[in-house]
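Here is the structure we will look at, set down as structure tokens.
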Amino acid sequence: MADFSYDPPAGDPVILFEDDRVIVVDKPSGLLSVPGKLEGRADCLMSRLEAFRPGALLVHRLDCDTSGVMIFARDKAAQGFLGQEFEKRRARKSYVARVSGMMAEDRGRVDLPLCADWDYRPRQKVDFERGRPAVTEWEVVSRGAGETRVRMFPLTGRSHQLRVHMLSLGHPILGDPIYAEGAARDYPRLMLHAEMLGLHHPGSGEWVEFRAACPF
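Position 100 (the sequence shown) corresponds to 100 in full-length UniProt numbering; numbering is contiguous.
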């Protein structure tokens with residue numbers, strides 16, 4: 001797998017919501033969530049947020065190419081609480097994507113275990129022997145011009161889960177530099193956006209939902 005250049009978009013973090021326990025940000029496509037391991041990849045959402053809200057703590061991540069809702073904690077107790085929301089699968093997430101081709105069914109469920117494809121990092125692959133459970137529910141929003149707009153609800157949080165699961169259905173996400181090929185790859189960005197995150201608030205314990213408008 002060829003190494004991809006890293007040229008993150010400029011701009012300050014877009015804060016969707018904040019209080020004394022959490023900060024919710026709309027991450028742009030092309031920006032790492034946390035510093036990368038390779039040289040020249042220190043610029044990330046975490047480092048940019050630190051300049052505005054010192055001490056913000058990481059709870060989860062989005063792929064570099066994915067945009068949308070990310071939540072950060074403002075103290076260790078909130079970080080632990082929110083971490084459990086994800087680990088115990090109490091958090092609910094929805095994503096919007098544009099995928100190649102016309103999906104025949106209106107909705108469905110993908111239940112395929114995933115693991116790293118070590119020979120072709122950072123690719124992930126379906127592997128029934130070594131893969132970890134991965135489940136995605138999806139529904140069609142609209143169809144047209146050789147593509148389908150789909151909303152996805154991941155029930156697990158594996159790396160590249162939505163990208164590989166859509167690929168497994170024969171409908172790679174448009175603009176995917178790793179899994180799409182040919183014309184499906186020739187887009188200015190990965191057409192995948194985390195539009196909603198719902199979970200229990202670490203302060204009140206009440207259910208809250210945060211949304212970021214889809215930019216495509």
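For every residue, glycine included, the Cβ atom is placed at its ideal position computed from N, Cα and C.
Just so you know, these numbers come straight off a predicted model, no measurement behind them.
Closest in alpha carbon position to Phe-81, among Phe-216, Ala-212 and Ser-204, is Ser-204. In the three-state DSSP reduction, Leu-197 falls in the strand class (E or B). Contact between Ile-23 and Leu-197 is ruled out by a C-beta separation of about 13 Å, above the 8 Å threshold. Ala-10 carries a coil assignment under DSSP once its states are collapsed to helix, strand and coil. Val-69 and Asp-26 do touch by the CB rule: their CB atoms are close to 7 Å apart, below 8 Å. Apart from sequence neighbours up to five positions away, the residues of its chain that approach Leu-155 with a beta-carbon distance below 6 Å are Val-135, ordered along the chain.
Counted as a single uninterrupted DSSP element, the stretch harbouring Glu-87 is not any beta strand (DSSP E) but the alpha helix (DSSP H) occupying residues 76–87.
Distance from the Cα of Arg-185 is smallest, within the candidate group Arg-143, Gly-101, Glu-209 and His-201, for Gly-101. When rounded, the separation of the alpha-carbon atoms in Cys-44 and Val-34 is 5 Å. Around the beta carbon of Ala-42, a 10 Å sphere encloses fewer than 16 other beta carbons of the protein chains shown; the residue is thus reported as exposed. Phe-128: not part of any alpha helix (DSSP H); DSSP gives it neither H nor E. Under the three-state reduction of DSSP output, Phe-210 falls in the strand class.
With contacts defined by Cβ atoms closer than 7 Å, Met-103 and Thr-148 form a contacting pair.
Just so you know, the alpha carbons of Met-152 and Gly-182 end up roughly 24 Å apart.
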